[in-house]
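Whatever position you read off the sequence shown (first residue = 1), add 91 for this note's numbering. Idealized CB from N, CA, C, for every residue including glycine. Each remark here refers to the structure printed beneath this line.
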Amino acid sequence: MKRFLAAFLLFAASALPAAAQSYTDIDVDLPMFPEMQPVPDSPVYWAPGVDSNYFFYDGLFWDYFHDLWHWSAWYNGPWMVADPVYVPTYVLWVPIRYYRKPTPYIAAGNPNRPPRWSEFWGTEWQARHNEIYRGAAGPFARAPLPTYQAQFGRGNYPRNPQQQFMIHGQNYAYQPREAVSRQVYQARGVIVTANPTLRGHSPPPPDGRRDDAPRERR
Numbered sequence: 092m093k094r095f096l097a098a099f100l101l102f103a104a105s106a107l108p109a110a111a112q113s114y115t116d117i118d119v120d121l122p123m124f125p126e127m128q129p130v131p132d133s134p135v136y137w138a139p140g141v142d143s144n145y146f147f148y149d150g151l152f153w154d155y156f157h158d159l160w161h162w163s164a165w166y167n168g169p170w171m172v173a174d175p176v177y178v179p180t181y182v183l184w185v186p187i188r189y190y191r192k193p194t195p196y197i198a199a200g201n202p203n204r205p206p207r208w209s210e211f212w213g214t215e216w217q218a219r220h221n222e223i224y225r226g227a228a229g230p231f232a233r234a235p236l237p238t239y240q241a242q243f244g245r246g247n248y249p250r251n252p253q254q255q256f257m258i259h260g261q262n263y264a265y266q267p268r269e270a271v272s273r274q275v276y277q278a279r280g281v282i283v284t285a286n287p288t289l290r291g292h293s294p295p296p297p298d299g300r301r302d303d304a305p306r307e308r309r
């Protein structure tokens, strides 16, 4: 039953290309920009004060809710469902201890390791994810947090995605490294400069984090 549910969720997400998806509500309703802390030995940030599986990586916020990953360029949404095969490897590598609301399946795992995504989403997902994120790319530093968003609280938070990306482009100069993040930015009118070193996938996994995580083929 678990494998059937995972397969259904994978199909539901992949059946909706990013350009055709609609925005959705999740378990995030924040009154202000949250405190973000770096996950050790990772370019990902997490939010210890947010009661959700809430992260930031490469210019996008990520949240795991109802067995699906969601992304947003702004800290309080609106959110879009991400096809699991395109979720960046570094996001999937975050150890379970940084999930504030883990599902029973995730909570049953080793808190010092990532969830066993290949067991949950199956071998087809693993093969597709490895194909997208295969190869090696040079290491890079954590993306800066979009702290300009701290001036927007519940009373003046922009909800229109076009307005959000207009403000984002004016205040956030970071250029995403992952192909999925760059495509999100470009599709919404944010200019992304050419990156001749971009391979479209994450660097090789750091030592000690290969088990239970998507593996990158060279």
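For residue i, three-class secondary structure by DSSP
{"i": "Gln242", "result": "helix"}
{"i": "Arg279", "result": "coil"}
{"i": "Tyr224", "result": "coil"}
{"i": "Pro129", "result": "strand"}
{"i": "Asn257", "result": "The question names Asn, but residue 257 in the sequence shown is Met. Helix."}
{"i": "Asn262", "result": "helix"}
{"i": "Trp137", "result": "strand"}
{"i": "Thr214", "result": "helix"}
CA-to-CA distance, residue j to residue i, given in whole angstroms
{"i": "Arg204", "j": "Val185", "result": "7 angstroms"}
{"i": "Ala234", "j": "Gly213", "result": "30 angstroms"}
{"i": "Arg273", "j": "Gln266", "result": "8 angstroms"}
{"i": "Gly150", "j": "Ala199", "result": "30 angstroms"}
{"i": "Ala241", "j": "Gln128", "result": "15 angstroms"}
{"i": "Arg207", "j": "Ile258", "result": "37 angstroms"}
Check: residue i C-beta below 8 angstroms from any heavy atom of the ligand GDP
{"i": "Tyr145", "result": "No copy of the ligand GDP appears in this structure; indeed no ligand is present at all."}
Limits of the unbroken alpha helix (DSSP H) element including residue i
{"i": "Tyr181", "result": "180-183"}
{"i": "Tyr325", "result": "Residue 325 cannot be examined here, being either before or after the span of the chain that is shown, 92 to 309."}
Residue burial classification, residue i (beta-carbon count within 10 angstroms, cutoff 16)
{"i": "Pro108", "result": "Confidence at Pro108 is low in this model, with a pLDDT of 39, below 50, so its placement is unreliable and the value that follows should be read with caution. Counting Cβ neighbours within 10 Å, Pro108 comes out exposed, since fewer than 16 surround it."}
{"i": "Pro202", "result": "exposed"}
{"i": "Pro179", "result": "buried"}
Below-9 angstroms beta-carbon distance, residue i vs any chain C residue
{"i": "Pro193", "result": "No chain C appears in the structure shown, which is made up of a single protein chain."}
Quick check: the stretch 141-149 against the stretch 183-191, are at least 3 beta-carbon pairs closer than 8 angstroms? Judged by Cβ distances under 8 angstroms, the stretch 183-191 makes contact with the stretch 141-149, as three or more pairs qualify.
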